[in-house]
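Quick notes on the structure that follows.
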Amino acid sequence: MKILEILEIDLFKQTDVDGLVEGNTDQECKKVVVTFLATMEILKKSLQIGANFIISHEGIYYSHDNKKFLENSKLAQEKQDYIKKHNLTIYRHHDMVHRILPDTITEGLVKQLDLADRVITQSAYYTISEISPTYLKDYVEKVKETLEVSTIKHFGEDNQIIKKVCVLVGYRGSSDNLIPVIENQDVDLIIYGEGPEWEIPYYIKDYNTLNSNKKSIIIIGHEVSEKYGMQMFMHNLKQKFPTLKVTYL
0 MKILEILEID LFKQTDVDGL VEGNTDQECK KVVVTFLATM EILKKSLQIG
50 ANFIISHEGI YYSHDNKKFL ENSKLAQEKQ DYIKKHNLTI YRHHDMVHRI
100 LPDTITEGLV KQLDLADRVI TQSAYYTISE ISPTYLKDYV EKVKETLEVS
150 TIKHFGEDNQ IIKKVCVLVG YRGSSDNLIP VIENQDVDLI IYGEGPEWEI
200 PYYIKDYNTL NSNKKSIIII GHEVSEKYGM QMFMHNLKQK FPTLKVTYL
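Residue numbering for the sequence shown follows numbering that gives the first Met the number 0, starting at 0 and increasing by one per position.
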């Protein structure tokens, strides 16, 4: 099967961001690697397992713009040379998985957090679930264990009771995104990937100083928030092509 045949299914669509970054889609697909971001380590591991088609969620050249730094960054040029030397095909798959409802990337994280069966509100960029009343300090430990991370940032009072959890992925932790949610939705805890450090954490501090109904946030990091969604996409791709060898790295 040629790589082009894989890209013709409804899981893919060319956008300003999504599309071929490097390589040749007319070549035969040996194996597929799906990943959050195709680092040099991922490229080398892909070659070791015999994969020549890599689907990367984020831009491989250190910017959301797929080729912004190629002219001026020696490292980006070295990486491109490596890709060409080994005849790898790299496809950026970002917008499509975010633009459908439910957002595949958010859906993957919600499922990993065991919140999928408890969803009460779902929007284009966040999902709210209701859980059994739990102390914040205990829920933080549960999130760490579930996401297999040793540390995470969180702001709030340890003994706050958490009942409703709002989940956002990636770089959706800005004040533009979160202040309307916090002020207009009945949520106790917001879990998100990342955002400007001086915005929402300090908003939460002021909010809790002025209000009795406390709010908390857990910041898990961009990759941790999105890798489970890309793993879900990998399983969706396997369902379309049962005999295709697809691996998540």
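Where is the CB? At the ideal position from N, CA and C, for every residue including glycine. Nothing here was measured: the structure is a model prediction, and the numbers come from that model.
Straight-line measurement puts the Cα of aspartate 187 at about 42 Å from the Cα of serine 45. No Cβ-Cβ contact shorter than 8 Å links glutamate 21 with phenylalanine 35.
Relative to the Cα of valine 166, the nearest Cα in the group Tyr202, Ser122, Gly155 and Met233 belongs to Ser122. Between leucine 112 and valine 142, the gap from beta carbon to beta carbon is short of 8 Å. The beta strand (DSSP E) runs lying completely inside the region 32-72 and spanning 3 residues or more are 52-55, given in chain order.
If you look at tyrosine 247, you'll find it in the beta strand (DSSP E) that goes 245-247. Judged by DSSP secondary structure, valine 164 falls within the beta strand (DSSP E) whose first and last residues are 160-166. The alpha helix (DSSP H) runs lying completely inside the region 191-232 and spanning 4 residues or more are 199-209, given in chain order. If you check the CB distance, leucine 243 and valine 32 do not come in under 8 Å. For lysine 162, same chain residues with a beta-carbon under 6 Å away, outside a window of 5 residues either side, are Pro132 and Asp187 in chain order. CA-to-CA, the gap between leucine 74 and valine 96 works out to about 28 Å.
DSSP links phenylalanine 240 through a beta bridge to no other residue. Around threonine 246, the same chain offers Val32 as residues with beta carbons nearer than 6 Å, after the five sequence neighbours per side are excluded. Around the beta carbon of arginine 91, a 10 Å sphere encloses 16 or more other beta carbons of the protein chains shown; the residue is thus reported as buried. For tyrosine 138, there is no enclosing beta strand (DSSP E); the enclosing alpha helix (DSSP H) covers residues 135-146. According to the DSSP assignment, isoleucine 151 belongs to no alpha helix (DSSP H), since it is labelled neither H nor E.
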